[in-house]
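**Q** Protein chains in written order, with the numbering used here: chain D, 1 to 10; chain Y, 11 to 225.
Backbone N, C-alpha and C fix where the C-beta goes; we use that ideal spot for every residue, glycine too.
Every value quoted in this text rests on a predicted model; they were computed, and no experiment measured them.
Structure provided below as structure tokens; questions to follow.
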Amino acid sequence: SSAPAAKDEL
Amino acid sequence: MNLFRLVADLMHLVSIFILLLKMQKTRSVAGRCSRISFKTQALYATVFLTRYTDLFANFQSLYNTTMKVFFIASSLYIVFLMKFKFKATNDPRLDTFKAQYVVGGAAALALIVNYAFTVQEVLWTFSIYLEAVAILPQLFMLTKTGEAEVITTHYLFALGTYRGLYLVNWIYRYWTEYYVDWIVWIAGAVQTGLYCDFFYIYFTKVLKGAKFELP
């Protein structure tokens, strides 16, 4: 499944 | 960054400061009737250590890095306090939730349902699933002791509100930037759902000055 771009959340 | 997520992170910070204040004030982890679950705190330390493996590799902002360092450091410090400094007041006989079940379950699920089968991604996914259920030993302990000090209820309120506001943040981000992340959405919904019962008692009793007592 589509992984979100950069992990920008804590 | 949006206001919902900022306030959510601040509520997370507040929950940690409330816990540190309580432990420092009562010089223990077990006030007259309120107990803090060591297992939950150890699970949170595990969550941060397995989630922020990209601490140095993935720089998002000074805020992001500072918060990551603080969450790792504070969670380890709390575990240290409970395990060593206030060990005498920590009664494992009351902290009886089988934490290995939630750790095993989160690990198994992370190996099956993830965005990529890499070490870092699976560790991150594990931390998301583990965080969703990490509060269970603490809530379980509340049901056993049947009541909690007011400060412990404020701790739980802040902690529950943090992830609840993340749900609002995800709705906002979907609406404004089509941000989609099923894994954190579903885990976050489960995590917040576990607090519903607590929130009900908190709003109907604690905020009216009554003691927090489970029916």
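#1: Check the DSSP bridge columns for Y/A158 and list the partner residues they point to.
#2: How big is the Cα-Cα spacing for Y/D101 and Y/V190?
#3: Mind pulling the chain D residues with CB within less than 8 Å of Y/W134?
#4: Given a cut-off of 8 Å on the beta-carbon distance, is the pair Y/Y212 and Y/F150 in contact?
#5: What three-state label does DSSP hand Y/R183 in the structure shown?
#6: Do Y/W195 and Y/W180 have their CB atoms nearer than 8 Å?
#7: If you drop the 5 nearest sequence neighbours on each side, which residues of the same chain put their C-beta closer than 7 Å to that of Y/L217?
#8: Check Y/M151 in the structure and name its three-state DSSP category.
#9: Output yes if chain Y places a C-beta closer than 8 Å to the C-beta of D/S1; else output no.
#10: Please return the same chain residues whose Cβ sits closer than 6 Å to the Cβ of Y/F58, not counting the five positions on each side in sequence.
#11: Exposed or buried, which one is Y/K221 when buried takes at least 16 other CB atoms within 10 Å?
#12: Note down, in chain order, every chain D residue with its Cβ under 9 Å from the Cβ of Y/Q51.
#13: Which chain D residues are close to Y/M77, counting only those with a beta carbon under 9 Å from its beta carbon?
#14: I'd like to know whether the C-beta of Y/R15 is nearer than 8 Å to at least one C-beta of chain D.
#15: Does the Cβ of Y/P147 have 16 or more other Cβ atoms within 10 Å, making it buried, or fewer, making it exposed?
#16: On the DSSP bridge list, what partners appear for Y/R103?
#17: Taking Y/V24 as the reference, give the member of Y/T36, Y/T163 and Y/F208 with the closest Cα.
#18: Taking the CB atoms as reference points, tell me whether Y/T140 and Y/A116 lie closer together than 8 Å.
#19: Distance, Cα to Cα, Y/E129 vs Y/G203?
**A** In short, the structure shows the following:
#1: Per DSSP, Y/F222.
#2: Straight-line Cα distance between these residues: approximately 42 Å.
#3: Within chain D, the residues K7 have their CB atoms less than 8 Å from the CB of Y/W134, given in chain order.
#4: Going by C-beta atoms, Y/Y212 is not nearer than 8 Å to Y/F150.
#5: DSSP places Y/R183 in helix when its eight states are reduced to three.
#6: A Cβ-Cβ contact shorter than 8 Å links Y/W195 with Y/W180.
#7: So the list is empty, once near-sequence residues are dropped.
#8: DSSP places Y/M151 in the helix class (H, G or I) of the three-state scheme.
#9: Residue placement at D/S1 is flagged as unreliable, the pLDDT there being 48, under the threshold of 50; the coordinate-derived value follows with that caveat. Residue contact check for D/S1 against chain Y: a CB pair falls below 8 Å.
#10: Cβ-Cβ distances below 6 Å link Y/F58 to F81, I82 and S85 in the same chain, with the five nearest sequence neighbours on each side left out; the list follows chain order.
#11: That one is exposed.
#12: Listed by position along chain D, the residues whose Cβ is nearer than 9 Å to that of Y/Q51 form an empty set, because the closest Cβ is around 18 Å away.
#13: Near Y/M77 (Cβ distances below 9 Å), the residues of chain D are L10.
#14: So yes, Y/R15 belongs to the interface.
#15: If you draw a 10 Å sphere on the C-beta of Y/P147, you find 16 or more other C-beta atoms in it, and that means buried.
#16: Y/R103 pairs with nothing; no bridge assigned.
#17: Minimum Cα-Cα distance from Y/V24 among the listed residues Y/T36, Y/T163 and Y/F208 corresponds to Y/T163.
#18: For the record, residue 140 of chain Y in the displayed sequence is Leu; it is not Thr. Result yes, Cβ atoms of Y/L140 and Y/A116 sit closer than 8 Å.
#19: Note that residue 129 of chain Y corresponds to Val in the displayed sequence, not to Glu. The alpha-carbon atoms of Y/V129 and Y/G203 are separated by roughly 29 Å.
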